Amino acid sequence: MEQEKTAEPSHHEGTEGRRRDDDAAVAEDPNIGKWAAIRQNPRAFAWAVFAAWQILLVSYENQAAGLVVGIPRFRQDFGSYRNGGWVLPPAWQGAHSGGPVASQAIGALFSGQVADWIGRKRTVMGALVVSFASITVQVLANTNPMFFGGKFLNGFAVGTLKAVSTTYIGEVAPLPLRGLMTCLIGLGYTIGPFAVSLILNSTGTFDNAWAYRAVFVSQYGVAAISAIFVFFMPESPWWLANKGGKEKAIQSLRRLGHSAETSARRYAEIELTLEQARSETSDVSYLECFRASNLRRTMISIAPLLIQSLAGSLFMQSYTLYYAQLAGFSGAMSFHIQIAAQVLSIGGNVVSWFLVDRLGRRLLMLLGVGMLLLICTVQGALDVLGTTESLRGAVSMCLLYSFFYNTGIGAVAFTILAEVSTSRLRVKTIAFGLCCQNALNVMWSFTLPYLFNPDQLALGGKLGFVFAGTSIVSLVYVWFCQPETRGRTYAELDEMFALRIGARQFKRYKSEVQAQAQSKVVDGDD
Numbered sequence: 089m090e091q092e093k094t095a096e097p098s099h100h101e102g103t104e105g106r107r108r109d110d111d112a113a114v115a116e117d118p119n120i121g122k123w124a125a126i127r128q129n130p131r132a133f134a135w136a137v138f139a140a141w142q143i144l145l146v147s148y149e150n151q152a153a154g155l156v157v158g159i160p161r162f163r164q165d166f167g168s169y170r171n172g173g174w175v176l177p178p179a180w181q182g183a184h185s186g187g188p189v190a191s192q193a194i195g196a197l198f199s200g201q202v203a204d205w206i207g208r209k210r211t212v213m214g215a216l217v218v219s220f221a222s223i224t225v226q227v228l229a230n231t232n233p234m235f236f237g238g239k240f241l242n243g244f245a246v247g248t249l250k251a252v253s254t255t256y257i258g259e260v261a262p263l264p265l266r267g268l269m270t271c272l273i274g275l276g277y278t279i280g281p282f283a284v285s286l287i288l289n290s291t292g293t294f295d296n297a298w299a300y301r302a303v304f305v306s307q308y309g310v311a312a313i314s315a316i317f318v319f320f321m322p323e324s325p326w327w328l329a330n331k332g333g334k335e336k337a338i339q340s341l342r343r344l345g346h347s348a349e350t351s352a353r354r355y356a357e358i359e360l361t362l363e364q365a366r367s368e369t370s371d372v373s374y375l376e377c378f379r380a381s382n383l384r385r386t387m388i389s390i391a392p393l394l395i396q397s398l399a400g401s402l403f404m405q406s407y408t409l410y411y412a413q414l415a416g417f418s419g420a421m422s423f424h425i426q427i428a429a430q431v432l433s434i435g436g437n438v439v440s441w442f443l444v445d446r447l448g449r450r451l452l453m454l455l456g457v458g459m460l461l462l463i464c465t466v467q468g469a470l471d472v473l474g475t476t477e478s479l480r481g482a483v484s485m486c487l488l489y490s491f492f493y494n495t496g497i498g499a500v501a502f503t504i505l506a507e508v509s510t511s512r513l514r515v516k517t518i519a520f521g522l523c524c525q526n527a528l529n530v531m532w533s534f535t536l537p538y539l540f541n542p543d544q545l546a547l548g549g550k551l552g553f554v555f556a557g558t559s560i561v562s563l564v565y566v567w568f569c570q571p572e573t574r575g576r577t578y579a580e581l582d583e584m585f586a587l588r589i590g591a592r593q594f595k596r597y598k599s600e601v602q603a604q605a606q607s608k609v610v611d612g613d614d
């Protein structure tokens, strides 16, 4: 993949279209502080936060699917009595957890096409309607087929929401806030499981259907907030510009907080970037993601998502509670460990807000995956020792993993996903990446029980060695193939990918925009 030509710091003498005046450069200055950028762009910041809110529905659904199976009343209502206890048939257990993941992949792919047809806003509206309907089915379900139908249907909705919301954030977030706002997507994936665990901790012991229905009813609250504000949500100016709606695009920019003058200038920049993309991308189908220079951008965009799965995120998120119990912790203490892991996940994501622009995407990935490699190796070694103390130490590695995963690859993957893809193919690239990640997670969902469970291969924490190995492969990829995109406008990224700048030369490359800005400073001094 690293066959691109390298480049010394220089600039490409190209189209006049990438030129900007001084005011536009200041408006998109990546070096201004985050708080200053938020004060300058409060509306754009608020709508990006709203888009990140949609991810709560996604993480809510993902976490609830796995935890309700552990509720005694759920097993009693949907399972059968065997060997002195209520048991959910393995086939339905796999269907309830794996089915929604599969439908999320389908929903993400479908949304990539629909969002380009009808826009980001109306696609989100449609997904919320489907989500409300599917939540209702889950609440009313009294048979496994009905419950599965509700879960499977909601998978389409949340798959759509996570693809379109990620796209929207990448399109409305100002350059100085792009790293922060895309990292908020990862925060949504940590808050949802935390909320679900707290609810089930309060209701899970009820001796009626509300032991598990409560968590599904609570989804109405998250969806209702989305449904209220989505009517006021500005459509993406990038989508409007791509559809030729100049006046509507400028109006959308005004609603995002830009002045009349800045909106006109910003629209011109968007249009010029889209024109460059059109010259390199003849169509906006999924096939275009794999042609010419788009192929490299597609691979770079989605690789961090795959690294998330390859580095063991699903194992650490799903098996911490069970692993703690096998290591000798009490049920109550095991639950507290799970809650602690989720709190550390939230803390790790908050730390990423400050590191994603300070260290850069590439370095943060290298350090983050490197820490996961170390943690997984130590966990495997402690499990090999097999003593009570070493097994409990191996469980503690799950806590460290939760923090460093969300500080690094757990957050920055969404930043790269949103900013590297070409403008015209952004939603399709994001949808395809999420689909690939879901497919990988489906594979892990079916194989991890056989690898981990005591009655199967009984690897337990020795799985850390497996994920240490995949982390090594991931580190090699990041070192040779992952470019540094911090502080680059979409026009600059188009220029650099068109010139096939090598991954490790991205950071030092001087774009045409930078060269023009420096020449103006020199001319001014003279």
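Numbering-wise, the sequence shown is residues 89 to 614 according to my numbering. Ideal Cβ placement from N, Cα and C applies to all residues, glycine included. Note that this is a predicted model, so its numbers are computed, not measured.
Of the choices Leu362, Gly214 and Thr465, whose alpha-carbon is the least far from that of Val554? Thr465
My assumption, with CB atoms under 8 angstroms, is that Leu362 sits in contact with Arg512. Please give the rounded CB distance. 6 angstroms
Residue span of the beta strand (DSSP E) that contains Gly157, given as start and end: First, the residue type needs correcting, since residue 157 is Val and not Gly in the sequence shown. Where Val157 is concerned, there is no enclosing beta strand (DSSP E), given that its DSSP letter is neither H nor E.
In or out: Glu357 buried (at least 16 other Cβ within 10 Å) or exposed? buried
If you measure between the beta carbons of Glu368 and Ser340, is that distance less than 8 angstroms? no
Using 8 angstroms as the cut-off, can you tell me whether the region 485 to 492 makes contact with the region 173 to 184, which would need three or more C-beta pairs spanning the two stretches below that distance? no
Can you tell me whether Ala125 is buried or exposed, with buried defined as 16 or more other CB within 10 angstroms of its CB? buried
State the DSSP-derived secondary structure class of Gly173, mapped to helix, strand or coil. strand
Residue(s) in a DSSP beta bridge with Ser168: Val175
Residue range of the unbroken alpha helix (DSSP H) whose run includes Ser389: Ala380 to Leu398
Report buried or exposed for Pro177, applying the criterion of at least 16 other Cβ atoms within 10 angstroms of its Cβ. exposed
Identity of the residue in Phe442, Leu487, Leu455 and Leu383 nearest Phe520 by Cα: Leu383
Residue closest to Gly207, alpha-carbon to alpha-carbon, out of Ala251, Val189 and Leu288: Ala251
Can you give the Cα-Cα distance for Gln525 and Gly247, rounded to whole angstroms? 11 angstroms
Does the beta-carbon distance from Val444 to Val372 come in below 8 angstroms? no
Please go through the same chain and pick out, in chain order, the residues whose beta-carbon is closer than 6 angstroms to the beta-carbon of Gly167, but skip the five residues on each side of it. Trp174, Val175 and Leu176
If distances are taken between C-alpha atoms only, which option among Asn232, Gly238 and Phe319 comes closest to Arg210? Phe319
Can you tell me whether Lys331 is helix, strand or coil according to DSSP? coil
Write down every uninterrupted run of the alpha helix (DSSP H) in the region 239 to 291 whose length is 4 residues or greater and which is fully enclosed by it, in chain order. 266 to 291
Within 8 angstroms, do at least three Cβ pairs link the region 209 to 224 to the region 264 to 278? no
Pairwise C-alpha distance: Ser191 and Asp582: 33 angstroms
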